[in-house]
Each structure stands twice: as structure tokens, then as C-alpha cells.
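See below for the structure under consideration.
Residue numbers (my numbering): 2 to 387.
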């Protein structure tokens, strides 16, 4: 996590707690796989466990692992020792998937390491790739039963595995019109296609106001039902004023991220109005997208939220009465994390390229703070370790 004034919130919090409780009181921490791991965190506690899945489906298990480290520290205060290696490596979130490919290989070895005598826990952190912070990079952590030498050897092994796979974690997306053409050419029963726009993923920090797919569909339409979401509080307000069944003429999109998107004019009929409050499954919490409307523009159903809404699961679509499994194509603004819930019910998932604050093409974004060299911004790295 980072804020406008603090780059390392977790490290700051851990150090603040350490100052309050003293040097010997155990502090256990559980983190997202995309955590920004720092030296400050390591200096504050050895009891750090992180998710081992992407998409993240081991949230509760990670909490249990952190508590096991706490139990180990209470039983043997000098036992849990943290060793780590930080790598000058970044990649977009779509390349972090642990269900297949290079990161599956790394996690398979990590699970073998966890079973070794003397090893209490192991984690790799594939840092959230859109943080503009100094210590940006991936990390490998191993917690041992007071054997820092063993821990360092194993952490270095995991770090080397990640570095050796750096070319393979790059993720290539389809052009939006190629994705549209594939959907159009498919058989009627082949549905739904999930069209994923990771560059405007609210769960990655984007604003949800991209109209990139909408523009493409207005120019290159599909003769079937399409669902999508766009954050635009002003247009949502116009829909509420028009009421269900009323007509709305408006310019939509690009209100929060004008650097990437410009408004497009639409005319449609209001289908649904709601308060935008819904129970999410992933993560399990209540979200509030603000006053939310569904506007039908031809065969495109636009879910217009007043605030950015996480799309890691399909609960928002269900909240407004849209069964995404019946649509031909469904826009999901998520950088890979959506697959845990959408992929099992989809005919096919297609990640398409677009501009946006969470663009997977990291060198295109205006980073200013990360130390260099850093891959893939720089290809000639030399020593890959921080």
C-alpha cells in the first residue's frame, strides 16, 4: 500500500507498532501476493506470510499461516528468522497467474521448500506493478527455525527462478477489434466471452471510466447482447432523473482519467436503477458503487456506476439484474484477478489492450521514483539483486 505522503505504509505501520510494544513482542503480518515488500517491513518483524495464489483464493489460509508463525514465536521467541531476496524485476498483473505457466513452476518449488525440515513459511511477492515507489521489485521470503543461512539459500533460489522466467511473465494482449471480430465470428451458443480490460481495473487503482470498448463496439458492432461497466456519476444522475423507461442523451466516460479517455456520445433507455450496494464474493465484503443505472444503448447494456467498482467477481452484474452467462460478451475491468470467478463459467476469456492507468505495458507509464535499472524498463541489468 502507498499513500500520497507515505510510500511504505505497511513498513511504517509495523515500525510504529514495534516502537509501541518493544523489540521482543511478536508481530504477525499477512499480506497480499502483490504486497510492496520493503526492508523496513523486514526490520520490524520476521513473522510475515503472503498469499500464494493469483487469483487470490487462499486469503483465509494465509491468515492461518501468519498465526502459525505467531505460535512458533511464542513457543520459541528466537526461532522464526526471516531471510529474503529482492529482485530488480516487475511485470504486469496478467503475468502473475499461479494456475499455470512460469509462476506455477515457482509456486510448485515454493511448496516443496515449505516442507523442508526447519522451514516455517515461504512467500513470493509479485509487487503491484503500478506503484510509483523507490523500492519497486519482486521479492522472495523464507522463514526458518533460526537458520538464516538455510533461509537465504532458499530465498535466493526462488528469486533466481523468478528472474530466469522474466521473459515468460510478459503478457501479450489482443487488439480490441480482433477480440470483437472473434466474438462476432463465433457460434451463437458460444457464450459468454469475457473481454477483460486490465488497464482500467479499479482493483488495480484505475478509475473505471474507460469507454474504449464502447467506442470500438459503436464503430464495429456485434449483433448480440453485450454487458459492460463505466464509472460516470454525472450520467448515472441523468439516468435517475429520466427514471426507468426514460431516454438519456449524454456523453459518457473519460471523466476521471481524461489523460487516457475522452467522452463518447450515446443515446439510450434506462433499464434499471439501484443504490449500487452489493455483497461481493471476492473479496467477501459489501461494496458501494454509489447510485447505479443500467442504460441500454442498442444491444449494449451499460452498467453506469457513480464510483469505481471492483470487478473481480460478477456480483455487480447480478445486483442490477444482469445474468452475465446469457450475454454474448461481457466487459470485465480486471487485470487477471477476474479469472477465479469468471473463467469457469465463460466460453472464453480475452484480455485486450487499451490505454489506462493500469496498462500492462509498464514502460509506457510515467514512473518517476523506482530505482534503475529495473526490468523491463531496462534490459541490461547486470546484477538482478537489490
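Using N, Cα and C, we set each Cβ at its ideal position, and we do this for glycine too.
Helix, strand or coil at residue i [DSSP, three-state]
i: residue 371; result: coil
i: residue 376; result: strand
i: residue 187; result: coil
i: residue 174; result: coil
i: residue 280; result: strand
i: residue 227; result: strand
i: residue 256; result: coil
i: residue 131; result: coil
i: residue 7; result: coil
i: residue 323; result: coil
i: residue 385; result: coil
i: residue 81; result: strand
i: residue 203; result: helix
i: residue 364; result: helix
i: residue 91; result: coil
i: residue 337; result: coil
i: residue 20; result: helix
i: residue 210; result: coil
i: residue 13; result: helix
i: residue 97; result: helix
i: residue 179; result: helix
Sheet register partners of residue i (DSSP bridge)
i: residue 86; result: 141
i: residue 122; result: 144
i: residue 50; result: 31
i: residue 289; result: 278
i: residue 296; result: 271 and 303
Boundaries (first-last residue) of the alpha helix (DSSP H) holding residue i
i: residue 109; result: 102 to 115
i: residue 63; result: 60 to 76
i: residue 196; result: That residue, residue 196, is in no alpha helix (DSSP H); its beta strand (DSSP E) goes 194 to 197.
i: residue 314; result: Per DSSP, residue 314 belongs to no alpha helix (DSSP H) and is neither H nor E.
i: residue 164; result: 149 to 165
i: residue 340; result: 340 to 343
i: residue 236; result: 234 to 243
i: residue 42; result: 40 to 45
i: residue 168; result: It is not in any alpha helix (DSSP H) - residue 168 carries neither H nor E in the DSSP assignment.
i: residue 220; result: 213 to 220
Contact set for residue i: own chain, Cβ-Cβ below 6 Å, skip 5 residues either direction
i: residue 423; result: As shown, the chain starts at 2 and ends at 387. That puts residue 423 outside it, with no answer to give.
i: residue 349; result: 194
i: residue 213; result: 355
Opening and closing residue of the beta strand (DSSP E) in which residue i lies
i: residue 266; result: 265 to 275
i: residue 350; result: 349 to 352
i: residue 301; result: 301 to 306
i: residue 252; result: 248 to 253
i: residue 330; result: 330 to 333
Assigned exposure category for residue i - 16 Cβ within 10 Å defines buried
i: residue 174; result: buried
i: residue 150; result: exposed
i: residue 65; result: exposed
i: residue 285; result: exposed
i: residue 101; result: exposed
i: residue 360; result: buried
i: residue 267; result: buried
i: residue 117; result: exposed
i: residue 21; result: exposed
i: residue 303; result: buried
i: residue 61; result: exposed
i: residue 239; result: buried
i: residue 98; result: buried
i: residue 262; result: buried
Residues near residue i in its chain [Cβ-Cβ closer than 7 Å; skip 5 each side]
i: residue 80; result: 73, 74, 146 and 147
i: residue 29; result: 48, 67, 68, 70 and 71
i: residue 244; result: 271
i: residue 328; result: 192, 193, 226, 227 and 228
i: residue 280; result: 287 and 316
i: residue 50; result: 31, 63, 66, 67, 70, 122 and 124
i: residue 322; result: 273
Neighbourhood of residue i by C-beta distance below 8 Å, restricted to the same chain and skipping five residues each side
i: residue 45; result: 12, 15, 16, 18, 19 and 28
i: residue 256; result: 210, 232, 233, 234, 235 and 264
i: residue 167; result: 90, 92, 376 and 377
Check: residue i C-beta below 7 Å from any heavy atom of the ligand ADP
i: residue 26; result: The model on display carries no ligand, and the ligand ADP is accordingly not part of it.
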